[in-house]
Amino acid sequence: MVYVVNYVINYIMPQYSGGMEIKMERLKKTGKLEYKKSADIKKSRIGIGFEKLDRDVFDPTKAYDKLAAVGIKYVRLQSGWAKTEKQKGVYDFAWLDEIVDNLISRGFIPWICLCYGNALYNEEAKESFGAVGYPPIYTEEAKKAWDNYVTALVTRYRDKVGIYEVWNEPDGVECYCWKHGTNAKDLGEFTIATSKAIRKANPDAKIIGGVICVHSLTFLSDAFKTGMADYIDAVSFHEYTHDETHLFGRVSSLRGLCDMYNPNIKLVQGESGSQSRSDGAGALAGGAWTERRQAKQLLRHTVADLMTEVVFTSYFSCMDMIEALNGTIGDKASYLDYGYFGVLRADFDENGYSTGEYSEKPSYYALGNLCAIFTGEYEVKPVPIMFMKKTSPRIFGTDDTENITSAGFVRKDGSCAFAYWKSTNLMTNEYESTVSIHYADIKGAVRLIDPYDGSVYEIPESMTEREGTSAVTFNNLPLKDYPLILTFGEFVEE
34 MVYVVNYVIN
44 YIMPQYSGGM
54 EIKMERLKKT
64 GKLEYKKSAD
74 IKKSRIGIGF
84 EKLDRDVFDP
94 TKAYDKLAAV
104 GIKYVRLQSG
114 WAKTEKQKGV
124 YDFAWLDEIV
134 DNLISRGFIP
144 WICLCYGNAL
154 YNEEAKESFG
164 AVGYPPIYTE
174 EAKKAWDNYV
184 TALVTRYRDK
194 VGIYEVWNEP
204 DGVECYCWKH
214 GTNAKDLGEF
224 TIATSKAIRK
234 ANPDAKIIGG
244 VICVHSLTFL
254 SDAFKTGMAD
264 YIDAVSFHEY
274 THDETHLFGR
284 VSSLRGLCDM
294 YNPNIKLVQG
304 ESGSQSRSDG
314 AGALAGGAWT
324 ERRQAKQLLR
334 HTVADLMTEV
344 VFTSYFSCMD
354 MIEALNGTIG
364 DKASYLDYGY
374 FGVLRADFDE
384 NGYSTGEYSE
394 KPSYYALGNL
404 CAIFTGEYEV
414 KPVPIMFMKK
424 TSPRIFGTDD
434 TENITSAGFV
444 RKDGSCAFAY
454 WKSTNLMTNE
464 YESTVSIHYA
474 DIKGAVRLID
484 PYDGSVYEIP
494 ESMTEREGTS
504 AVTFNNLPLK
514 DYPLILTFGE
524 FVEE
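For the sequence shown, our numbering puts the final residue at 527, and the numbers step up evenly by one.
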């Protein structure tokens, strides 16, 4: 009995408590969102990572259909030079062919991060699991071999893959991905050389550079001084944080820096995510993460990304898997560092391979709900909506109008959505309150969507206060620590 009680307190309650229906019970639930398949979505800004397949850490065949069923569009791959070229000058792309073809057949848009090293051209890489962290920049033979490899890869996928990213996290302070020590000048020159190889094979390809993870402008600025900005179409950055509001300032500062060197450069959010357990390795390790907190962080960060100018956003990752950034060949313990970032759960065998049924976490459904809402064309722009602070009998107090993150999304037909949430510390509490929302001159039926579980609600007249000919106030609507989304008209496309 003690075990059962502790299980409920320590596992069930953190996952599902917090009164998911406490503030929703006055609303009229009319149904749930229907997921859209990736193949049925023409345009989306939402993606996910299928990283580390170059190191054979999970089985993608058990993930393709599950991710395609909820409408994810962009899929990030890592190219795996060491896996492809095991004999000098001989390329075996069969493993990557299978992945790319499977993704495309299901309606995904694959994009490829060109990495990592190859022990054929670097003695040190022979000790590194997956040859992670050894860029081919120190000998002319290695540089030429990389140029030949990139040219062969881009030529092979010219009609299938149109977006390439140059390396991964070269600015990481632990130097896992650039093990000789971070060096912006080296990265800039390497990016220029790689970009030239890409353009030679496919002049129409889009090239992403930077791939930065550190919250600083110094590294990218120094890389730009090599002339790198003239050779890329976009800069990608990685953003692992429990507080997604940091994103807005970071995007603004990156935009300002890019504008100084090449205003045509776009921004891509290439990795973000959080753990679903407190014992995971990697980014944000040690936090009191649960599967529910992971789902809420995914909702907050993805909607925050959509509020910015990023061309697309990629969640890390599809699967629980080993981190394997600093593994040493022959020392299995060095790379059995399990990360629980996946929207799909996995078990692990004795070699760290992700096994089991790859079952769905709450974050999987949350991501699918966002894919169903934010499809097609829309603009992020102000809408005539404001928060009101009124007496709220539901909480024996008044509405909370302080420090709410919000944004409007508008389609050409005038339909719109309004996302809002309280950016509290996810680790310390389960936040719920109320807020009154006042709007004017927005046409169409109004629905409130909870993207955590996909529930769709009507707002009853008992909560509605009409003013003049077109102004309305919804009194004491629910306010949570993850986005709720008001839609007006047919914003959610059929």
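Virtual Cβ for every residue (Gly too), placed ideally from N, Cα, C.
- The shortest C-alpha to C-alpha distance from residue 349 to any of 373, 384, 130 and 291 is the one to 373.
- Exclusion of the five residues before and after residue 287 leaves 250, 253, 268, 270 and 300 as the residues of its chain whose Cβ lies within less than 8 Å of its Cβ.
- Following the DSSP letters along the chain, one finds residue 395 inside the alpha helix (DSSP H) bounded by residues 395 to 406.
- When the Cα atoms are used, residue 168 and residue 516 turn out to be separated by approximately 40 Å.
- Under DSSP, residue 320 forms no beta bridge with any residue.
- For residue 211, the three-state secondary structure derived from DSSP is coil.
- Taking the CA atoms as reference points, residue 392 sits about 32 Å from residue 241.
- Note: residue 79 is bridge-paired with 346 in the DSSP secondary-structure output.
- The beta carbons of residue 324 and residue 395 sit about 5 Å from each other, so the pair counts as a contact at 8 Å.
- In the same chain as residue 338, and ignoring 5 residues on each side of it, the C-beta atoms closer than 6 Å to its own belong to 302 and 346, in chain order.
- Judged by their CB atoms, residue 61 and residue 494 are not nearer to each other than the 7 Å cut-off.
- C-alpha of residue 193 to C-alpha of residue 109: approximately 14 Å in a straight line.
- Annotation: the region 122 to 155 contains the following complete segments of the beta strand (DSSP E) (minimum length 3 residues), in chain order: 142 to 147.
- The C-beta distance from residue 321 to residue 460 rounds to 5 Å, short enough to fall under 8 Å.
- Between the alpha carbons of residue 335 and residue 356 lies a gap of roughly 22 Å.
- Cβ-Cβ separation between residue 247 and residue 206: approximately 6 Å, consistent with a contact (criterion under 8 Å).
- Counting C-beta pairs closer than 8 Å gives fewer than three between the region 443 to 451 and the region 502 to 512, which falls short of the contact rule.
- In summary, residue 487 is buried, with 16 or more beta-carbon neighbours lying within 10 Å of its beta-carbon over all protein chains present.
- Annotated three-state conformation of residue 181 is helix, per DSSP.
- The bridge partners DSSP lists for residue 276 come to none.
- Residue 364 is bridged by DSSP to 361.
- Looking from the CA of residue 101, the closest CA among 136, 92 and 87 belongs to 136.
- Rounded to the nearest angstrom, the gap between the Cα atoms of residue 107 and residue 501 is 45 Å.
- Contact check for residue 466 against residue 512 passes: the beta carbons are separated by less than 7 Å.
- Following the DSSP letters along the chain, one finds residue 117 inside the alpha helix (DSSP H) bounded by residues 114 to 117.
- If you draw a straight line from the Cα of residue 220 to the Cα of residue 524, it is about 43 Å long.
- For residue 251, there is no enclosing beta strand (DSSP E); the residue is found in the alpha helix (DSSP H) stretching over 251 to 257.
- One alpha carbon belongs to residue 480, the other to residue 397, and they sit about 23 Å apart.
- By the Cβ-count criterion, residue 223 is buried, with 16 or more other Cβ atoms from all chains shown falling within 10 Å of its own Cβ.
- Bounds of the beta strand (DSSP E) holding residue 499 are 497 to 500.
- Residue 214 is classed as exposed because its beta carbon has fewer than 16 other beta carbons within 10 Å across all chains shown.
- Non-local beta-carbon contacts of residue 145 in its own chain, meaning distances under 6 Å to residues more than five positions away in sequence, involve 110, 112, 194 and 197 in chain order.
- With respect to residue 443, residue 414 sits close: the two C-beta atoms are nearer than 7 Å.
- As for any beta strand (DSSP E) of minimum length 3 sitting wholly inside the region 181 to 206, the runs are 196 to 199, ordered along the chain.
- Straight-line spacing of the CA atoms in residue 458 and residue 141 works out to 34 Å.
- When secondary structure is reduced to three states using DSSP, residue 94 falls in the helix class.
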